[in-house]
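Structure first, commentary second.
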Amino acid sequence: MDVSQEVTQAVAIGNLKSIAEQPAMLSNLAYSNTIANINLSQQNAVANQQAMNELGITIVAKASNTISNLGPLEARSAVDVLSNNELAQTIADLKATLQGFAQQPASSGKTPE
Numbered sequence: 010m011d012v013s014q015e016v017t018q019a020v021a022i023g024n025l026k027s028i029a030e031q032p033a034m035l036s037n038l039a040y041s042n043t044i045a046n047i048n049l050s051q052q053n054a055v056a057n058q059q060a061m062n063e064l065g066i067t068i069v070a071k072a073s074n075t076i077s078n079l080g081p082l083e084a085r086s087a088v089d090v091l092s093n094n095e096l097a098q099t100i101a102d103l104k105a106t107l108q109g110f111a112q113q114p115a116s117s118g119k120t121p122e
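Using the working numbering, the first residue of the sequence shown is number 10, and each one after it goes up by one.
Take a look at the structure:
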């Protein structure tokens, strides 16, 4: 059985075309794999950043809660530190006394009737 010259030429051209297109197809495949890997890497970075932000919020909330919710011992210690200074109390009393005298109206030399 004879195969015509045109069929042989068409098959040869088709084979040549598929062989010639193979590097471009492989290049496109490699490029798409690179893009997919970069995309996954960026998604991973964003997820890690979000996790660190949530962890930071949790740490700040815990520290704030620890500071603001004092127990009885800490509260009493704070009161003692702030109010158990006798010298400071004496100075505050003297200052209040001086302010009391300063607020009295100055006498004009007349005696009240």
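Even glycine gets a Cβ: it sits at the ideal position worked out from N, Cα and C.
DSSP-derived helix/strand/coil call for residue i
| i | result |
| --- | --- |
| Gln-58 | helix |
| Asp-102 | helix |
| Asn-74 | helix |
| Asn-42 | helix |
| Ser-36 | helix |
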